[in-house]
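See structure below.
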Amino acid sequence: MRSVRFLTSLSLAMLCLFTCSFAVAAETPEELYKNNKVTLLLGTGAGGGSDLGGRIIAKHWPEFGGNDMIVKNMPGGGGIVAVNYLVNSCRPDGLTMHMMMFGSSYQLPYLTKNRAAKYDASRLQYVLGAYQEPWVLVASKKFKSLEDIAKAGNITYGIMNPLEGNNFAMLPILEALQLKAKVVTGYKSQQEALLAVAKGEVDITMGPVSQVMREVNQGVLQKPFLLLERERLPLVPDIPTFFEVIDVTSEIDALYEQCRPLCMAVRMMALPEETPAEIVEYLRDVFTRMAASEAFEADARKAFLLGGNCLTGKELQDFIQTAFSVDFTAIMERLNKYSQ
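Right, here's the structure in full:
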């Protein structure tokens, strides 16, 4: 009799455990996010563009996700420290995400096989690209036109380091104009490189359009000579495109397309590879709806000239696929001649 009772009790306990486990497993992504707070890791300190952009997303998350989003700054290694933590210390349950510039956090650690990055960035789950910024060419005031630069002979251009987006953005211009240029590295920030141009310490640099136009409006820089895009931007319609002011050959056009994924200034939201597919798809839908929100866009416009300017859906997935398959070695070989 005791054996029967024991088996009956054991069976009931196992049934209860199975039922409870099924109930937990059956929680939908919508229920998950309504019932739990989310942590957004930012691979940068407080006060920068990624920090500001992340906090705008966190502000609007409750409307679309259903609960609070807590922002946690974790600077170091251009975002590598934060992604290491995300991948190796956090459960892949969709409740912890990371956002930072795509190049420094994800793409370049992968392409350069950076040993500090304890993750394969090509296998992460990307759910949003936000605050895209096209590049513009700025020059010191001794140059009055692009033609002046082309005729100048030896020129210098300033960047932080050879693996920064503005170096890759500069390459199609250097090659198209066949400039005799030498790179000057070591600037601590994009802002410092822009100020070096304003002071005449270097001749040219590439800068994100929002940041450059702030300096133009304050009289620090003159208007950019070109926008590295195929079409003009409605918000700065008087800046001509690379393709308007330069006779672009098919070879240079191909180089432009190769460099574009490397110089894309976009802040990317990612989760660990093992995050369940239904959660990833749900988040992509949530961020697509957020990106289309007038309230989100209004806040984004206060911080960024082009607003949210988000990559979502198929456009996001196509970009990710292209970004990790560029011929990085060939591009670096072409850039190396400007550092000699």
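Mature numbering (1 follows the signal peptide of the UniProt record, and there is no 0) puts the sequence shown at residues -25 to -1, 1 to 315.
Even glycine gets a Cβ: it sits at the ideal position worked out from N, Cα and C.
Since the structure is predicted, the reported quantities are computational estimates derived from the model, not experimental observations.
DSSP bridge partner residues for residue i (one or two, in chain order)
| i | result |
| --- | --- |
| residue 132 | 158 and 179 |
| residue 7 | DSSP, once it has assigned bridges, lists no residue as partnering residue 7. |
| residue 139 | Answer is none; residue 139 lacks a bridge partner. |
| residue 113 | 180 |
| residue 74 | 17 and 244 |
| residue 186 | According to DSSP, residue 186 bridges with nothing at all. |
| residue 318 | Outside the shown range of the chain, which is -25 to 315, sits residue 318, and nothing can be said about it. |
| residue 45 | 14 |
| residue 216 | 202 |
Distance, residue j Cα to residue i Cα
| i | j | result |
| --- | --- | --- |
| residue 275 | residue 43 | 19 Å |
| residue 315 | residue 295 | 32 Å |
| residue 229 | residue 223 | 10 Å |
| residue 312 | residue 86 | 20 Å |
| residue 263 | residue 271 | 11 Å |
| residue 218 | residue 279 | 25 Å |
| residue 293 | residue 6 | 29 Å |
| residue 8 | residue 53 | 29 Å |
| residue 93 | residue 82 | 13 Å |
| residue 277 | residue 28 | 11 Å |
| residue 269 | residue 258 | 19 Å |
| residue 110 | residue 31 | 23 Å |
| residue 246 | residue 61 | 7 Å |
| residue 25 | residue 33 | 12 Å |
| residue 186 | residue 63 | 34 Å |
| residue 204 | residue 99 | 28 Å |
| residue 177 | residue 97 | 36 Å |
| residue 116 | residue 193 | 15 Å |
| residue 164 | residue 75 | 16 Å |
| residue 216 | residue 206 | 6 Å |
Candidates the options, of which the one nearest residue i by Cα
| i | options | result |
| --- | --- | --- |
| residue 158 | 151, 129, 173 and 174 | 129 |
| residue 140 | 233, 198 and 63 | 233 |
| residue 243 | 101, 178 and 219 | 101 |
| residue 125 | 279, 246, 132 and 153 | 153 |
| residue 309 | 145, 33, 99 and 13 | 145 |
| residue 188 | 63, 246 and 108 | 108 |
| residue 195 | 214, 174 and 185 | 174 |
| residue 155 | 131, 97 and 254 | 131 |
| residue 301 | 143, 277 and 288 | 143 |
| residue 306 | 64, 236 and 62 | 236 |
| residue 171 | 114, 137, 238 and 205 | 114 |
| residue 120 | 255, 239, 197 and 150 | 197 |
| residue 166 | 10, 290 and 134 | 134 |
| residue 238 | 47, 138 and 215 | 138 |
| residue 390 | 88, 150, 176 and 136 | Because residue 390 is not part of the residues shown, which for the chain are -25 to 315, the question remains open. |
| residue 150 | 289, 193 and 221 | 221 |
| residue 260 | 291, 248 and 249 | 291 |
Neighbourhood of residue i by C-beta, 6 Å cutoff - its chain only, sequence neighbours within 5 removed
| i | result |
| --- | --- |
| residue 241 | 77, 104 and 107 |
| residue 266 | 283, 285 and 287 |
| residue 118 | 124 |
| residue 80 | 18, 54 and 58 |
Residue i at chain B interface by Cβ criterion, 9 Å
| i | result |
| --- | --- |
| residue 19 | Going by chain labels, chain B is absent from the structure shown, which holds only one protein chain. |
Chain-order list of residues whose beta-carbon lies under 8 Å from that of residue i (same chain, five-residue window excluded)
| i | result |
| --- | --- |
| residue 51 | 18 and 57 |
| residue 299 | 82, 85, 86, 96 and 97 |
| residue 49 | 16, 17, 18, 56, 57 and 60 |
Residues of its chain near residue i, where Cβ-Cβ distance is below 7 Å and the 5 sequence neighbours each way are ignored
| i | result |
| --- | --- |
| residue 112 | 148, 179, 181, 199, 200 and 201 |
With a threshold of 8 Å, are at least 3 pairs of Cβ atoms found where one atom belongs to the segment 208 to 228 and the other to the segment 34 to 54?
no
query = Between the segment 68 to 86 and the segment 13 to 22, do three or more beta carbon pairs fall short of 8 Å?
reply = yes
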